[in-house]
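The sequence shown begins at 3 in our numbering and counts up one residue at a time.
All C-beta atoms, glycine included, are put in the ideal place defined by N, C-alpha and C.
Down below is the structure, laid out as structure tokens.
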Amino acid sequence: MSLARVLGLLLGLLAILGYADVGRYYGGFRVPQGYGMNFLLPEELAHIALFSVLGLAAVVGLSAALAGTDLTAWCVQAVRGASRHGVAMSAVLGAFVLLSTFGFARYVLGHAAITDDEHVYRFIAQTLRHGSVTAPSPGVDLEFFREQFVVLTPFVRYGKYPLGHPLLLAAGQALGVEAFVVPLASALLVPALFWVGSATFDRTTATVATLLLASSPQLLATGATLFSQPAAAACLIGAMGCLLRAMRGERPSPPWLAGAGALLGYGVLVRPLPGVLFALAALWWMAAAGGSRELRVRLRAAAVLAAPVVAAGIVLLLVNRAQTGGLLSSGYQAFHAPNDVGVGVGTGVGGDLGLEVMSVVASLLRVSVWLTGWPGALLFLFLARGGRARGLVWAMIAAEWLYRLVSPKAGVGGAGPLYLFEVLPLLCLLVAGGLVQLARTRRPVGPWTASPSLMAALVLAGAVVNLCMFLPVKALDLRRMAEAQLLPGRLIRERGLGHALVFHNGVVPPSSGLSWAYFPPCNSPALDDDVLWVRVDRADPGRNLAFWKQRFPERSAWYYRLEGGKPLLQDLESFLERPASLVTSPPGPTATAGRP
3 MSLARVLGLL LGLLAILGYA DVGRYYGGFR VPQGYGMNFL LPEELAHIAL
53 FSVLGLAAVV GLSAALAGTD LTAWCVQAVR GASRHGVAMS AVLGAFVLLS
103 TFGFARYVLG HAAITDDEHV YRFIAQTLRH GSVTAPSPGV DLEFFREQFV
153 VLTPFVRYGK YPLGHPLLLA AGQALGVEAF VVPLASALLV PALFWVGSAT
203 FDRTTATVAT LLLASSPQLL ATGATLFSQP AAAACLIGAM GCLLRAMRGE
253 RPSPPWLAGA GALLGYGVLV RPLPGVLFAL AALWWMAAAG GSRELRVRLR
303 AAAVLAAPVV AAGIVLLLVN RAQTGGLLSS GYQAFHAPND VGVGVGTGVG
353 GDLGLEVMSV VASLLRVSVW LTGWPGALLF LFLARGGRAR GLVWAMIAAE
403 WLYRLVSPKA GVGGAGPLYL FEVLPLLCLL VAGGLVQLAR TRRPVGPWTA
453 SPSLMAALVL AGAVVNLCMF LPVKALDLRR MAEAQLLPGR LIRERGLGHA
503 LVFHNGVVPP SSGLSWAYFP PCNSPALDDD VLWVRVDRAD PGRNLAFWKQ
553 RFPERSAWYY RLEGGKPLLQ DLESFLERPA SLVTSPPGPT ATAGRP
């Protein structure tokens, strides 16, 4: 073994061991969850900074140790062989993503929610399965039935979010496979990325991109949740594939354009923002790529693409009317600004300069480490050259960043830069484009010469850094978030309770720093769950007893709280004899207008 390889291996090992040892001073790099929606916490900034330095040192050292070895030569040949069988290769990688995300959901998260939004998605899906966009209201005693992000009036009850993602969950619930819905959407990103990558660059670049995507820690973490971003990303990447295929010939293909429009339209139903921005970016790219085509042909193509998107917008307006009574009054307005009688479709949009800056900077810092799990990868996207229709890729990325300004916030970061997830495959594609381009130039890179072997060594070193340094830390964060949400149900099962009424003031206080899922799962649309969760009246403890006796006398009644990090479940009557902790318990969280 040459001296350079020995020194590189030593540098890599020292960086990995040093990172683990430094982590002792930072509590294992644990990042508190549950507060800091609009800014990055000091703990997260410290982790990103230290990981960027030590992780980069490990990548450089391990790359030097691996470059020119038989292992990297085999990897280069394997990529070349896989690129000749791209469909089969992407299917295998897609299956890997499906299994890994489902496994992470089951064995790390325990299928627990890490945000209250996931509870609401599931509740909306249950409501849709009853054939309606609203559930019946309990009518009276509404203060006991208040739930996070659920609009409650004397007449109806419904979640504030759009219906696109819950429709998919409803289908999964009906088939008994709800837990596979988001992993499947995540898995579909892989073959779709190969399709788009082959059209914009070449099959080798597309192959490398799918490898980067399949190994991305953000894909693993987000794909294990019930978030809507994977479905939105699948709509986007599928629409791009259809659009590139439609514009390949002399005349745009109406069927492929209609397919692109349908996927963009459904993406709007999943996430109106940034879905609308993606549709506008697609129309802009079509106009710019029109070339010498007749104006009439270009207008017809734009109309075919836009028609399904407009139809999706009409569906959103009709749902607004069914839920709130007004076409332009959204569920967001009904929940966050119920007294605002103006147009509500813009609720949660805009912010001051500090919020705008933090939104962009937080997303940039997070994606720099979450994209591949090793620092420095993001820089390679600026080296990507020569891709056909590369402008479409950049247009969609620009639309996503514009979204960070239109609806600014740092957001929930436990599963990565959530508000950039839709373009995660595209970022992987451009990074792959930069790696392949550099490998083909044979340029000097420090003491080395750029080559396929060196780039393979770099990616392998990055994978080691991800598995040894980045992913374990973030998996522990996510496990702690899940455990906090699983505690109430576990305690109830251990007590053997059934047909119970459980009072609470939130099951995970935001100040605990344990989770963004502050509340228990939403009650079913019919309020007929075996365990029914209701809010406690802190101002008048005696009202809780009266509510129980009048509304649910056939159920046993309990009070749940998290005290000193320990779950406590006490029968209501005994608790009301000494309700001091009820008065001094921390207030519930203030709901924010954004969503994961």
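Compare the beta carbon distance of T443 and A452 with 8 Å and say whether it is the shorter of the two.
In the sequence shown, the residue the question calls residue 443 occupies position 441. In the sequence shown, the residue the question calls residue 452 occupies position 450. Contact: yes.
Considering Cα atoms alone, identify which of G20, G112, A84, P164 is closest to S54.
The residue labelled residue 54 in the question sits at position 52 within the sequence shown. The shortest Cα separation from S54 among G20, G112, A84, P164 belongs to G20.
Buried or exposed: which applies to A201, given that a residue is buried once 16 or more other Cβ atoms fall within 10 Å of its Cβ?
Indexing the sequence shown from 1 puts residue 201 at position 199. Buried, because 16 or more other Cβ atoms sit within 10 Å of the Cβ of A201.
Write down every uninterrupted run of the alpha helix (DSSP H) in the region 409-452 whose length is 4 residues or greater and which is fully enclosed by it, in chain order.
Complete alpha helix (DSSP H) runs here, min 4: 426-443.
If I follow the unbroken beta strand (DSSP E) through H506, where does it start and stop?
As a first step, residue 506 must be located in the sequence shown, where it is residue number 504. Unbroken beta strand (DSSP E) run through H506: 502-506.
For R295, which of helix, strand or coil comes out of DSSP?
As a first step, residue 295 is located in the sequence shown; it is residue number 293 there, counting from the start. Residue state, collapsed to three classes: coil.
In whole angstroms, what is the alpha-carbon distance linking A304 and L285?
Taking the first residue of the sequence shown as 1, we reach residue 304 at position 302. Taking the first residue of the sequence shown as 1, we reach residue 285 at position 283. C-alpha separation (whole angstroms): 6 Å.
In three-state DSSP terms, what is W197?
Within the sequence shown, residue 197 is the residue found at index 195, counting from 1. Reduced to three states, the DSSP call for W197 is helix.
Roughly how many angstroms lie between the CA atoms of R597 and R131, to the nearest whole one?
One-based indexing of the sequence shown puts residue 597 at position 595. One-based indexing of the sequence shown puts residue 131 at position 129. Its pLDDT being 44, under 50, R597 is placed unreliably in this model, and the value from its coordinates should be taken loosely. If you take the alpha carbons of R597 and R131, they lie about 23 Å apart.
Buried or exposed for S409, going by 16 or more other Cβ atoms inside 10 Å?
The sequence position of residue 409 within the sequence shown is 407, counting from 1. Buried, since its Cβ has 16 or more Cβ neighbours within 10 Å.
Distance check for V299 and G416, CA to CA, integer angstroms please.
The residue labelled residue 416 in the question sits at position 414 within the sequence shown. The residue labelled residue 299 in the question sits at position 297 within the sequence shown. Taking the straight line joining both Cα atoms gives about 47 Å.
Expressed to the nearest angstrom, what Euclidean distance is found between the alpha-carbon atoms of F337 and L165?
As a working note, residue 337 is residue 335 in the sequence shown. As a working note, residue 165 is residue 163 in the sequence shown. Going from the Cα of F337 to the Cα of L165 covers about 16 Å.
Using 8 Å as the threshold, is the C-beta distance between H121 and P523 below it?
Numbered from its first residue, the sequence shown carries residue 121 at position 119. Numbered from its first residue, the sequence shown carries residue 523 at position 521. Yes, Cβ-Cβ distance for H121 and P523 is below 8 Å.
When you compare each of G500, V198, G418 to R392 by their alpha carbons, which one comes out closest?
As a working note, residue 392 is residue 390 in the sequence shown. For the residues G500, V198, G418, the minimum Cα distance to R392 belongs to V198.
Looking only at its chain, what residues have a beta carbon closer than 6 Å to the beta carbon of L462, apart from the 5 residues adjacent to it on each side?
Here residue 462 is taken as the residue at index 460 of the sequence shown, counted from 1. Once the five neighbours on either side are set aside, the close Cβ partners of L462 are L68.
Of the choices G251, R108, G333, whose alpha-carbon is the least far from that of G225?
Here residue 225 is taken as the residue at index 223 of the sequence shown, counted from 1. Minimum Cα distance to G225 is reached at R108.
Since A386 and Q335 are thought to touch, with beta carbons under 8 Å apart, how far apart are those beta carbons, to the nearest angstrom?
Locating residue 386 in the sequence shown gives position 384, counting from the first residue. Locating residue 335 in the sequence shown gives position 333, counting from the first residue. That pair is no contact at about 41 Å.
Could you tell me the boundaries of the alpha helix (DSSP H) in which D72 lies?
The sequence position of residue 72 within the sequence shown is 70, counting from 1. Looking at the DSSP string, the run of the alpha helix (DSSP H) that includes D72 is 72-86.
Using only the alpha-carbon positions, how far apart do L169 and A137 sit?
Here residue 169 is taken as the residue at index 167 of the sequence shown, counted from 1. Here residue 137 is taken as the residue at index 135 of the sequence shown, counted from 1. Using only the alpha carbons, I get a separation of about 15 Å.
Three-state secondary structure (DSSP) at S587?
Working through the sequence shown from its first residue, we reach residue 587 at position 585. Low confidence applies here, because S587 scores a pLDDT of 46, under 50, leaving its location unreliable and the question unanswered by this model.
When the Cα of I18 is compared with those of A80, Y163, L52, which residue comes out closest?
By 1-based counting over the sequence shown, the position of residue 18 is 16. Out of A80, Y163, L52, L52 has the C-alpha closest to the C-alpha of I18.
On the three-state DSSP scale, how would you describe D204?
Counted from its first residue, the sequence shown places residue 204 at position 202. It is coil, neither helix nor strand.
Buried or exposed for R26, please, with buried defined as at least 16 other CB atoms from any protein chain shown within 10 angstroms of its CB.
The residue given as residue 26 occupies position 24 in the sequence shown. Exposed is the call here.
Can you find the residues in the same chain that come closer than 6 Å, C-beta to C-beta, to S361, ignoring five residues on each side of it along the sequence?
The residue given as residue 361 occupies position 359 in the sequence shown. For S361, where only same-chain residues beyond five positions count, the Cβ hits under 6 Å are R406, P410, K411.
Counting beta carbon pairs with one atom in the region 560-575 and one in the region 509-522, are three or more of them shorter than 8 Å?
The region 509-522 vs the region 560-575: in contact.
Output yes or no for whether 8 Å exceeds the beta carbon distance between A194 and A283.
For the purposes of this step, residue 194 is taken as the residue at position 192 of the sequence shown. For the purposes of this step, residue 283 is taken as the residue at position 281 of the sequence shown. No; because the gap between Cβ atoms is not below 8 Å, this pair is not in contact.
Since F557 and L534 should fall inside the 8 Å C-beta cutoff, what is the C-beta to C-beta distance between them, to a whole number of angstroms?
Residue numbering aside, residue 557 sits at position 555 when the sequence shown is read from its first letter. Residue numbering aside, residue 534 sits at position 532 when the sequence shown is read from its first letter. The sequence given here places Arg at residue 557; Phe does not occur at that position. Indeed they touch by this definition, with Cβ atoms about 7 Å apart.
Taking P140 as the reference, give the member of L186, D530, G240 with the closest Cα.
Here the question's residue 140 lines up with position 138 in the sequence shown. Per the Cα distances, D530.
Going by other Cβ atoms of all chains shown within 10 Å of its Cβ, with 16 needed for buried, is A290 buried or exposed?
The sequence position of residue 290 within the sequence shown is 288, counting from 1. When all chains shown are included, A290 counts as exposed.
When we look at the beta-carbon of P377 and count the other beta-carbons within 10 Å, is it buried (16 or more) or exposed?
Here residue 377 refers to the residue found at position 375 when the sequence shown is read from its first residue. Classification of P377: buried, given that the 10 Å Cβ count is 16 or more.
Between the C-alpha atoms of T227 and A172, what's the straight-line distance to the nearest angstrom?
Here the question's residue 227 lines up with position 225 in the sequence shown. Here the question's residue 172 lines up with position 170 in the sequence shown. Spanning the two alpha carbons is a distance of roughly 15 Å.
Can you tell me the Cβ-Cβ gap for T206 and F196, rounded? I've got them flagged as a contact below 8 Å.
What you label residue 206 is simply residue 204 of the sequence shown in a count that begins at 1. What you label residue 196 is simply residue 194 of the sequence shown in a count that begins at 1. Actually they are not in contact, since the Cβ atoms of T206 and F196 sit about 11 Å apart, beyond 8 Å.
If distances are taken between C-alpha atoms only, which option among F203, V504, G96 comes closest to L186?
Within the sequence shown, the letter at position 184 stands for residue 186. The shortest Cα separation from L186 among F203, V504, G96 belongs to G96.
Would you call A59 buried or exposed, if buried means 16 or more other Cβ atoms sit within 10 Å of its Cβ?
Translated into the one-based positions of the sequence shown, residue 59 becomes position 57. It counts as buried.
Below 8 Å on the Cβ atoms is my guess for A248 versus L42; work out the distance and round it to an integer in Å.
The residue labelled residue 248 in the question sits at position 246 within the sequence shown. The residue labelled residue 42 in the question sits at position 40 within the sequence shown. The Cβ separation is near 41 Å, so there is no contact.
Less than 8 Å separating the beta-carbons of F125 and G174?
In the sequence shown, counting from the first residue as 1, residue 125 sits at position 123. In the sequence shown, counting from the first residue as 1, residue 174 sits at position 172. Against a cut-off of 8 Å, the Cβ pair of G174 and F125 comes out as no contact.
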